[in-house]
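> Residue numbers (mature numbering (1 follows the signal peptide of the UniProt record, and there is no 0)): -20 to -1, 1 to 528. The beta-carbon is built from N, C-alpha and C at its ideal position, and this holds for glycine as well.
#1: Figure out for me which residue from 339, 43, 65, 194 has the closest Cα to the Cα of residue 130.
#2: Just tell me which of 255, 280, 290 has its CA closest to the CA of residue 265.
#3: My understanding is that residue 359 touches residue 284, with C-beta atoms under 8 angstroms, so please give their C-beta distance in whole angstroms.
#4: In whole angstroms, give me the CA-to-CA distance for residue 275 and residue 422.
#5: Among all the DSSP beta bridges, which residues are the ones paired with residue 156?
#6: Measure the beta-carbon distance from residue 488 to residue 267 and round it to whole angstroms, keeping in mind my assumption that it falls under 8 angstroms.
#7: Only counting runs of 4 or more residues, tell me where the alpha helix (DSSP H) segments fall wholly within the stretch 328 to 388, in order along the chain.
#8: When the Cβ atoms of the stretch 407 to 423 are set against those of the stretch 317 to 324, are three or more pairs found closer than 8 angstroms?
#9: How is the beta strand (DSSP E) around residue 281 delimited, first residue to last?
#10: How is the beta strand (DSSP E) around residue 198 delimited, first residue to last?
#11: Mapping the DSSP letters down to three states, classify residue 103 as helix, strand or coil.
#12: Residues bridged to residue 110 by DSSP?
#13: Taking C-alpha atoms, which residue in 329, 145, 122 lies nearest to residue 296?
#14: For residue 111 and residue 90, I'd like the C-alpha separation in whole angstroms.
#15: Could you tell me the boundaries of the alpha helix (DSSP H) in which residue 487 lies?
#16: Among the residues of its own chain, which have a CB less than 7 angstroms from the CB of residue 302, if the five just before and after it don't count?
#17: When burial is assigned at 16 or more other CB atoms within 10 Å of the CB, is residue 425 buried or exposed?
#18: Could you pull the DSSP bridge partners for residue 132 from this structure?
#19: For a quick check, are the C-beta atoms of residue 80 and residue 127 less than 8 angstroms apart?
#20: Taking its Cβ as the centre, do 16 or more other Cβ atoms sit within 10 Å of residue 140, making it buried, or is it exposed?
#21: Below 8 angstroms on the Cβ atoms is my guess for residue 333 versus residue 415; work out the distance and round it to an integer in Å.
#22: In chain order, what residues of the same chain lie with their CB nearer than 8 angstroms to the CB of residue 479, ignoring the 5 residues before and after it?
#23: Which of the three DSSP states, helix, strand or coil, is assigned to residue 98?
#24: What separation, rounded to the nearest whole angstrom, lies between the Cα atoms of residue 204 and residue 145?
#25: Looking only at its chain, what residues have a beta carbon closer than 7 angstroms to the beta carbon of residue 125, apart from the 5 residues adjacent to it on each side?
#26: Inspect the beta-carbon positions of residue 397 and residue 245 and report whether they are closer than 8 angstroms.
#27: To the nearest angstrom, how far is the alpha carbon of residue 340 from that of residue 463?
#28: Would you grab the beta carbon distance between residue 196 and residue 183 for me? Rounded to a whole angstrom, and I think it's under 8 angstroms.
#29: Below 8 angstroms on the Cβ atoms is my guess for residue 171 versus residue 135; work out the distance and round it to an integer in Å.
#30: With 16 as the cutoff for other CB atoms within 10 Å, does residue 373 come out buried or exposed?
#31: Where does residue 127 sit, in a helix, a strand or coil, going by DSSP?
#32: Per the DSSP calculation, residue 223 is bridged to which residue(s)?
#33: For residue 402, write down the residues that DSSP places opposite it in a beta bridge.
#34: Grouping DSSP H, G and I as helix and E and B as strand, with all else coil, what is residue 397?
#35: What is the DSSP secondary structure of residue 315, counted as helix, strand or coil?
#36: Looking only at its own chain, which residues have a Cβ that is under 6 angstroms from the Cβ of residue 344, when we skip the five neighbours before and after it?
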């Protein structure tokens, strides 16, 4: 019988705890505590349920690293200790089977996510999702065994943080294709550097636009619990699926990475904004330098080339300004205000394209045609084309109600960038892509003809003057900034992210290149020595093609 002191102490403890003799708090398996290597039905079911809840809720009480290790070790358990040859759970399907190492044929297995993996016999059609083990696979395994126990599993990792790793978490919009991983294991024995790689085929209808597909494996040696890596795997893209060739055993997946995800779009926007700001400063210098020389030198009042350069500089300055305003404003303001911002941005973009084309036209008259190039009111006519034609195109585009909010989204349909631009793609393709292609091709052809003429002249005068080749190269580089060669880098952007960065950097600095060219040509030191015959000075110092 308990003493009164003992009863009082017990009551005090019960009151202090506030729990009395209530039920014990349920154990949180999501934290992965004391579950490693515990694969009896109780632990497996409880951890499986927790695994599913973490995928659905992204619960902060989950420990992804420990859960990842738990399921990676589950394959070892299947090979070494499990007596069952099939596993059928909502999040994992597995086949465990013994195979003779003296096989003379390739082994093919179906990997349909909704079914347990199964061996495909000869004569059957190849399933869209499959794994092929070459006949040399078993012979290349370490040790001398007559039979090998092989586990093949398909794991549904869901859309949460499990099996994302540090790399994928940083790449906003990247994901594992269909959220499925394929695991192959013969136990804890590492299998690497296979002489003939195994093949895993992931089916998909077509490669998603603006994205890349990469075969990867889960490397447990990267980071605290592992990360994705592509070493030892090659990617073979197909029309209806992607084939991964890998020289080792582990868990494999196909990574889907958007070319332009949210983080990349923000970085490119910052690069473009900085470049446009610098470009605007130098374009302003160009305009001020022209005005200074025009009031101080008589020849600037009659020459057309400097006026064309300044017109291009003005259109490019206003384009950069419109870009900064549009990106800075985003979707702010009314629908009408967004329509106006989109129209203004479009207008100055077309003006820039047009004046680059007129630069090429003027260059053609100066260098290629040369003779019979008189036009009355030449610059006035160029101005009507340079400023008027884009206005007509914008009016036509606006009458079709093509302007509005333009949204760039990543592969998970999240917004990467918003700005006032086009809301109808046909108008965008016709008035921007098509128009740019025409002006760019014309400028490229003229630049190629000028380059041929300049290098021909350099070869003739090479014996008389030194450094002609360098002068010719610098001349071509300077002229390329006038006809918009940097815009042509847009054609290379489908090759990858690096070309997008190169395009954003060089294209946003076009104003700097134009200022350097203008300064070299027209600063007083250059004007006083027009006889430098490298071609650099002569192109713009040729006789005028008009009289106004």
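To lay it out plainly:
#1: Of the candidates 339, 43, 65, 194, the residue whose Cα lies closest to the Cα of residue 130 is 65.
#2: Checked all of 255, 280, 290; the closest Cα to residue 265 is 290.
#3: Under the criterion of beta carbons closer than 8 angstroms, residue 359 and residue 284 qualify as touching, at roughly 5 angstroms.
#4: The alpha-carbon atoms of residue 275 and residue 422 are separated by roughly 34 angstroms.
#5: When DSSP reads this structure, residue 156 sits in a beta bridge with 235.
#6: That pair is no contact at about 18 angstroms.
#7: Whole alpha helix (DSSP H) segments, 4+ residues: 358 to 363, 369 to 379.
#8: Here the stretch 407 to 423 makes no contact with the stretch 317 to 324; the two share fewer than three CB pairs at distances below 8 angstroms.
#9: According to the DSSP assignment, residue 281 belongs to no beta strand (DSSP E), since it is labelled neither H nor E.
#10: Under the DSSP assignment, residue 198 falls in the beta strand (DSSP E) whose first and last residues are 191 to 199.
#11: Residue 103: coil per DSSP, three-state reduction.
#12: Looking at the DSSP assignment, residue 110 forms a beta bridge with 90, 181.
#13: Considering only alpha carbons, the answer is 329.
#14: Spanning the two alpha carbons is a distance of roughly 7 angstroms.
#15: Its alpha helix (DSSP H) spans residues 477 to 488.
#16: For residue 302, where only same-chain residues beyond five positions count, the Cβ hits under 7 angstroms are 324, 325, 328.
#17: Counting C-beta atoms within 10 angstroms of its own C-beta, residue 425 has fewer than 16 neighbours from the protein chains shown and is therefore classed as exposed.
#18: DSSP lists 75, 164 as partners of residue 132.
#19: Judged by their CB atoms, residue 80 and residue 127 are nearer to each other than the 8 angstroms cut-off.
#20: That one is buried.
#21: Right, the Cβ-Cβ distance comes to about 6 angstroms (below 8 angstroms), so this counts as a contact.
#22: When the five nearest sequence neighbours on each side are left out, the beta carbons in the same chain lying within less than 8 angstroms of the beta carbon of residue 479 are those of 469, 472, 473, in order along the chain.
#23: Note: residue 98 maps to strand in three-state DSSP.
#24: Taking the straight line from one Cα to the other gives about 9 angstroms.
#25: So the qualifying residues of the chain are 81.
#26: At the C-beta level, residue 397 and residue 245 come within 8 angstroms of one another.
#27: About 6 angstroms.
#28: With a Cβ gap of about 17 angstroms, residue 196 and residue 183 do not count as contacting.
#29: In this structure residue 171 does not touch residue 135 by the C-beta definition: roughly 19 angstroms separates them, more than the 8 angstroms allowed.
#30: Answer is buried; the Cβ neighbour count reaches 16.
#31: It is a strand residue.
#32: DSSP, once it has assigned bridges, lists 181, 216 as partnering residue 223.
#33: Beta-bridge annotation (DSSP): residue 402 is paired with 383.
#34: It is a strand residue.
#35: It is helical.
#36: Around residue 344: 426.
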